[in-house]
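There are 2 protein chains.
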Amino acid sequence: MQIQNNFLPMYYQLKNIIIDMIENEEIGVDECIPSEPKLMQTYNLSRTTVRKAIDELVNEGYLYKKQGKGTFVKGRGFEQGLIKLSGCSEDIRRYGLEPKPFVLKATIEKPSKRVAKMLEIDQEQETFYMERVIYGDEIPINKNKSHIPYHLVPGIEKVDFNKESLYKVIEKDYGIVITRAIRTVEAILANEEIALQLKIKEGAPVMLFKGQVYADMKGKEVIIEYFEAIYRSDQFQFYIEQHR
Amino acid sequence: MQIQNNFLPMYYQLKNIIIDMIENEEIGVDECIPSEPKLMQTYNLSRTTVRKAIDELVNEGYLYKKQGKGTFVKGRGFEQGLIKLSGCSEDIRRYGLEPKPFVLKATIEKPSKRVAKMLEIDQEQETFYMERVIYGDEIPINKNKSHIPYHLVPGIEKVDFNKESLYKVIEKDYGIVITRAIRTVEAILANEEIALQLKIKEGAPVMLFKGQVYADMKGKEVIIEYFEAIYRSDQFQFYIEQHR
Numbered sequence: 000m001q002i003q004n005n006f007l008p009m010y011y012q013l014k015n016i017i018i019d020m021i022e023n024e025e026i027g028v029d030e031c032i033p034s035e036p037k038l039m040q041t042y043n044l045s046r047t048t049v050r051k052a053i054d055e056l057v058n059e060g061y062l063y064k065k066q067g068k069g070t071f072v073k074g075r076g077f078e079q080g081l082i083k084l085s086g087c088s089e090d091i092r093r094y095g096l097e098p099k100p101f102v103l104k105a106t107i108e109k110p111s112k113r114v115a116k117m118l119e120i121d122q123e124q125e126t127f128y129m130e131r132v133i134y135g136d137e138i139p140i141n142k143n144k145s146h147i148p149y150h151l152v153p154g155i156e157k158v159d160f161n162k163e164s165l166y167k168v169i170e171k172d173y174g175i176v177i178t179r180a181i182r183t184v185e186a187i188l189a190n191e192e193i194a195l196q197l198k199i200k201e202g203a204p205v206m207l208f209k210g211q212v213y214a215d216m217k218g219k220e221v222i223i224e225y226f227e228a229i230y231r232s233d234q235f236q237f238y239i240e241q242h243r
Numbered sequence: 000m001q002i003q004n005n006f007l008p009m010y011y012q013l014k015n016i017i018i019d020m021i022e023n024e025e026i027g028v029d030e031c032i033p034s035e036p037k038l039m040q041t042y043n044l045s046r047t048t049v050r051k052a053i054d055e056l057v058n059e060g061y062l063y064k065k066q067g068k069g070t071f072v073k074g075r076g077f078e079q080g081l082i083k084l085s086g087c088s089e090d091i092r093r094y095g096l097e098p099k100p101f102v103l104k105a106t107i108e109k110p111s112k113r114v115a116k117m118l119e120i121d122q123e124q125e126t127f128y129m130e131r132v133i134y135g136d137e138i139p140i141n142k143n144k145s146h147i148p149y150h151l152v153p154g155i156e157k158v159d160f161n162k163e164s165l166y167k168v169i170e171k172d173y174g175i176v177i178t179r180a181i182r183t184v185e186a187i188l189a190n191e192e193i194a195l196q197l198k199i200k201e202g203a204p205v206m207l208f209k210g211q212v213y214a215d216m217k218g219k220e221v222i223i224e225y226f227e228a229i230y231r232s233d234q235f236q237f238y239i240e241q242h243r
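Protein sequences, first through last, are from chains A and B.
The numbering of the first sequence is numbering that gives the first Met the number 0, which starts it at 0 and goes up by one.
The numbering of the second sequence is numbering that gives the first Met the number 0, which starts it at 0 and goes up by one.
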């Protein structure tokens, strides 16, 4: 395909050429696209035009960048490993990464009115509150905030969650069986704090999940957790499976 | 709470004041926050500072704007109606909106190599391809692209999908029972086309879902659809329910 001098802007034509290469698998998933100088030369375009095309394809989820390494085709299919959206380290492991939580904060506190409502507890009842960043190998995958009614998990603040999985501890040490979760999802832009914690650019699009986790405790259904988790959206593929 | 002249930037302090109002439900969901002049006056701040605080809270999913009407608190809980992420008009109806599809394109075509792989068909086999925007009342909710193997739904191009629901037609007219879906989710930025179609700003964060829909056809499992859907993320709350 060639850039033509017609009514369409040149960066837009270059975008379509690259999309076609991806659609027709001339460049495979996780393969490098041609370098900027190469694209400038092949299609006789300025650096600005080439950059605009690539930046838009990154923003639209076709490509991702690795610092100092180049620009790669993002997995758009189901052919390779995917991380299931379930907060479980096993899924990160299945993707071939070694999951590692990093605790930023762990404390016992009184919840805000909104969080108390989410947990269906009184605002006077204490919660175990934890902020963590979960890494896959050396790459941050998500940052999450957990609120857990403290009376359901007394003593949990003594556990070192840099080493232990939250759900495993809840299930093993407290006789609680997690049964289901309801979560909302939205796209937001990373603020300065999130950008630093997830090692991405400020203003990059990220996914915000908020949810309630339900569990069975001695035959009674309880809300064991209210969480908010922010996932980076550039390198990994997250999936959801639903049955009708 | 008051703005203090300490080390924290003033826009950041104002953000925290507004977040506290939301967390403590002094301003409820879908209620208006104080106007810009009011905030400038109350906290003795410049318009630029107030705008920066509000813009960041919009980007981070705390607030949403309605043109000419003001800035409102976004639903962050599960107390009110939520739209289930299932592509079904019934869920939009449950939210109290009247769903209306608007067909942009409907055609029979040969798939790209990537789409053929997703549908597990040969690239020579034709597909029914449709692009639609789904409205709830007068507000666009999502834009989606469907690819359906044509041999499973011969004659489907004669249906007017401005009036009929895609899944209803597939199930009723072709004896196909939809059983499950696998979808990936990522956050991207709206490009010019999507911004126009969803009536949002270019560069606004949106959610991109891509997926395969499986169905039962005379006792055999088939992939009935590969889709890509872009959801706006500012006004509605979308949710996912998962059982463990």
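From the three backbone atoms N, C-alpha and C, an ideal C-beta is built for every residue, glycine too.
When the beta-carbon positions are compared, Ala228 (chain B) and Val205 (chain B) stay at least 8 Å from each other.
In terms of CA proximity to Ile53 (chain A), A:Ser34 leads the group A:Ser34, A:Ile193 and A:Gln66. For Gly60 (chain B), the chain A residues whose C-beta falls within less than 7 Å of its own C-beta are Glu185, Ile187 and Leu207, listed in chain order. In the DSSP assignment, Ala52 (chain A) falls within the unbroken alpha helix (DSSP H) covering Arg46 to Asn58. A:Phe208 is the residue among A:Phe208, A:Glu163 and A:Val168 whose C-alpha sits nearest the C-alpha of Lys144 (chain A).
For the pair Leu38 (chain B) and Phe71 (chain B), the Cα-to-Cα distance works out to about 14 Å.
DSSP places Pro36 (chain B) inside the alpha helix (DSSP H), whose first and last residues are Glu35 to Tyr42. In summary, Leu103 (chain A) is exposed, with fewer than 16 beta-carbon neighbours lying within 10 Å of its beta-carbon over all protein chains present.
Rounded to whole angstroms, Ile147 (chain B) and Tyr128 (chain B) show a C-alpha spacing of 7 Å. Leaving aside the five residues that flank Leu96 (chain A) on each side, the residues in its chain whose CB is nearer than 7 Å to its CB run, in chain order, Gly135 and Asp136. Assignment of Glu224 (chain B) by DSSP, reduced to helix, strand and coil, places it in the strand class.
Interface annotation, Phe237 (chain A): in contact with chain B, CB-CB separation under 8 Å. Taken through DSSP and simplified to helix, strand or coil, Tyr166 (chain A) comes out as helix.
Distance check between Ser232 (chain B) and each of B:Ile133, B:Ile140, B:Ile175 and B:Phe160 places B:Ile140 closest, using alpha-carbon atoms only. Taking a cut-off of 8 Å on C-beta distances, the region 58-73 of chain A touches the region 16-32 of chain A, as three or more cross pairs fall below it. Listed along chain A, no residue sits closer than 7 Å to Glu30 (chain B) by beta-carbon distance, the nearest being about 14 Å off. Rounded to whole angstroms, the gap between the alpha carbons of Gln196 (chain B) and Ala203 (chain B) is 13 Å.
For Gln211 (chain B), the enclosing beta strand (DSSP E) begins and ends at Pro204 to Met216. Here Leu7 (chain B) carries a coil assignment [DSSP, helix/strand/coil]. The three-state reading of DSSP puts Asn143 (chain A) in strand, counting E and B together.
Within the same chain, and ignoring the five residues on either side of Arg182 (chain B) in sequence, the residues whose Cβ sits closer than 7 Å to its Cβ are Phe208, Lys209 and Gly210. Boundaries of the alpha helix (DSSP H) harbouring Ala194 (chain A): Glu191 to Leu197, taken from the DSSP string.
Nearest to Arg131 (chain B) by alpha-carbon distance, out of B:Tyr225, B:Pro36 and B:Phe160, is B:Phe160. Using a Cβ-Cβ cut-off of 7 Å, Pro204 (chain B) is close to Ala186, Ile187, Leu188 and Pro204 of chain A, given in chain order.
The beta carbon of Ile91 (chain A) sits closer than 7 Å to those of Ile82, Pro98, Gly135 and Ile140, all from its chain and outside the five residues before and after it, given in chain order.
Within 10 angstroms of the beta-carbon of Pro8 (chain A) lie fewer than 16 other beta-carbons, which makes it exposed. If the five residues before and after Lys198 (chain A) are omitted, its C-beta is found closer than 6 Å to the C-beta atoms of Pro139, all from its own chain and listed in chain order.
In this chain, the beta strand (DSSP E) harbouring Leu188 (chain A) covers Ile175 to Leu188. At a cut-off of 8 Å, the C-beta of Ser232 (chain B) has a neighbouring C-beta in chain A. Between the alpha carbons of Asn58 (chain A) and Ile187 (chain B) lies a distance of about 6 Å.
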